[in-house]
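Numbering (the working numbering), first residue to last: 80 to 734.
This report concerns only the one structure given below.
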């Protein structure tokens, strides 16, 4: 679908890409991988048409649409969330005009058996499907599904975008790109501002609904679940693997090992040949053999071994001073902003040496509770730190807080005290800022380099309670693995706020879930926590299916629950509750009836198309494509209606 041909890019006489060739096919799910600075983001910009290569070309067929999400972008603040999302459909008028022209051409042509006619039908079908999704309530349904999937609540839809943080505005931009349904999605670190549930929703969307996808991400679980092809960028060249990231890692290691073995064998062969030539060069009786060996040596195609990045981040936290047995004790901690309660009655105890995770949707209070522990904001309840607790805090925006005008060296020199100032160069070298890199200004560093620099500041003072708020954003996988091992080896207490499942796996032994104004403790690792949540959802599904309890004891318990619910609400409240639930149920029924009606119409059209005794009317293809999209829209409306119905029943304790 998109062909990258002989692509080369040079910066300051240094080659970033050297004569690269590959093709992006329909339904490809490609992960671009490579160390920081290898050119992954540059590659996306070139494909998106935002940057020109030094030489070579990117061939994009006419009509192919591209959606590009950069790591950083400027967003507007002049409208509500849902109005901003509706801008995704601003091109509908242009699409309608194009479709009308295609239909006119279809009506006048008679070469029904030609390839051009078949291609024209395909174009009409694709265009019709796109328009059908965006017309009427179907488009609104897709907007709601996409926004809720990315973590927005319905009450957020009419809030102005200026009330949201940069991370939430990035979600709005991502929603707009997904709603446009481009043929090719280019995503640069799309999970940086998403929580675990939103990442899982995005995974499902990309695997089931997207066309071709090319993404850069350091979330190993995410790219493993989404991609089926991995392109490694290394030293200006690419290596294309038709597998996901985990399998690529194995194949990459095998490739390097094979290269090393082949290189060693060839070097031995060359050395033996050169030794023979040198030994018998001046013997007339061996002149023929010497000439033969010299020709043989000249014809050898020298094997090159890919340069392996041997620089190693040497990350180790200083030994933790001994603290009390319980570094953090929270008792009924509540935080509210005006009438909005972020969380209430949070009660838990973190023991010395424990490594725990704070997880949950963005906006549910993870970073807020961290600020309470840091005593940066007021709160209600009791929150006590143990004896001799010294906190090391890595904020979510720590890298952005660095002064861009300072050099790397000066950034550390300012905060270093005592003897440590004599070792700054050594410390920077251990973090891959050795030599000239230490004299770079912070503003020219990549996101990962800034994060590493911010991490150095954290290591200058021994602490026994590490609080890390999204520490892996912008770090490449290799650096993340090193940071993870350093935290494992740290002998103090650790609180990690993160949405990175792979990073948390094997690192934490306890998870605190933030949601619905509560903080719940879950023993076990991150995948055990996710598995428990999945089982809970399945149990709820079973309860929906079973109208009557399966045992007298369950019947008795249900009766008690219903009696308590009835006592809690007045007659008028019950009447209003029943009215809302009945209205939601009617929406579900109407949506199901609409689905049945459309399916009947589709069956009728397919029957006509299958009739070999007559030549099908060309308009039947348009009708079939339109009905298919109507069916998809109707399914979306049914899904939304069902969710609303279930939410109401759950709200009033009827599930």
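The beta-carbon is built from N, C-alpha and C at its ideal position, and this holds for glycine as well.
Going by beta carbons, residue 542 and residue 483 fall outside the 8 Å limit. When only Cα atoms are considered, residue 157 and residue 268 end up about 26 Å apart.
Ranked by Cα distance from residue 416, the options 409, 122 and 444 are led by 444. Rounded to whole angstroms, the separation of the alpha carbons of residue 171 and residue 205 is 14 Å. Counted as a single uninterrupted DSSP element, the beta strand (DSSP E) harbouring residue 419 occupies residues 419-429. Uninterrupted beta strand (DSSP E) stretches at least 3 residues long and entirely within the segment 288-354 occur at 291-295, 308-313 and 316-320, given in chain order. Taking a C-beta distance under 8 Å as the contact criterion, residue 127 and residue 265 qualify as a contact pair. Selection 523, 515 and 511 evaluated against residue 534 yields 511 as nearest (Cα-Cα). Excluding five sequence positions before and after residue 556, the CB atoms of its chain that fall closer than 7 Å to its own CB belong to 297 and 299, given in chain order. For the pair residue 132 and residue 203, the CB atoms are not nearer than the 8 Å cut-off. Sorting 594, 84, 289 and 530 by C-alpha distance to the C-alpha of residue 558 places 530 at the top. Counting C-beta pairs closer than 8 Å gives fewer than three between the segment 269-288 and the segment 109-120, which falls short of the contact rule. The segment 563-601 is shown to contain whole beta strand (DSSP E) runs of 3 or more residues at 572-576 and 589-594, in chain order. In this chain, the beta strand (DSSP E) harbouring residue 411 covers 407-416. As the crow flies, the alpha-carbon of residue 104 is around 14 Å from that of residue 294. DSSP places residue 90 in the strand class (E or B) of the three-state scheme.
In the displayed model, residue 159 falls within a strand according to three-state DSSP.
The C-alpha of residue 228 is placed about 33 Å away from the C-alpha of residue 200. When only Cα atoms are considered, residue 281 and residue 699 end up about 35 Å apart.
Using a C-beta cut-off of 8 Å, the segment 575-591 makes no contact with the segment 322-333, since fewer than three inter-stretch Cβ pairs fall below that distance.
Taking a C-beta distance under 8 Å as the contact criterion, residue 439 and residue 607 do not qualify as a contact pair. The three-state secondary structure of residue 606, taken from DSSP, is helix. In the DSSP annotation of this structure, residue 434 is not part of any alpha helix (DSSP H); the continuous beta strand (DSSP E) holding it starts and ends at 434-439.
Residue 110: member of the beta strand (DSSP E) spanning 108-112, first to last residue.
Contact between residue 240 and residue 222 does not hold, since their C-beta atoms are separated by about 14 Å, which reaches or exceeds 8 Å. Boundaries of the alpha helix (DSSP H) harbouring residue 452: 445-452, taken from the DSSP string.
Membership of residue 489 in any beta strand (DSSP E) is not indicated; the residue belongs instead to the alpha helix (DSSP H) covering 487-494.
Judged by DSSP in its simplified three-state form, residue 139 adopts coil rather than helix or strand. If you compare the alpha carbons of 278, 407, 379 and 489 with that of residue 301, the shortest gap goes to 278. Under the three-state reduction of DSSP, residue 99 is assigned to strand.
Taking the Cα of residue 486 as reference, the smallest distance to any Cα among 514, 465, 463 and 464 is reached at 514. When DSSP states are grouped into helix, strand and coil, residue 196 belongs to the helix group. From the listed residues 125, 121, 80 and 122, the smallest Cα separation to residue 107 is found for 80.
Residue 142 sits exposed, since fewer than 16 C-beta atoms from the chains shown fall within 10 Å of its C-beta. Straight-line measurement puts the Cα of residue 345 at about 9 Å from the Cα of residue 379. Beta-bridge annotation (DSSP): residue 544 is paired with 470 and 572.
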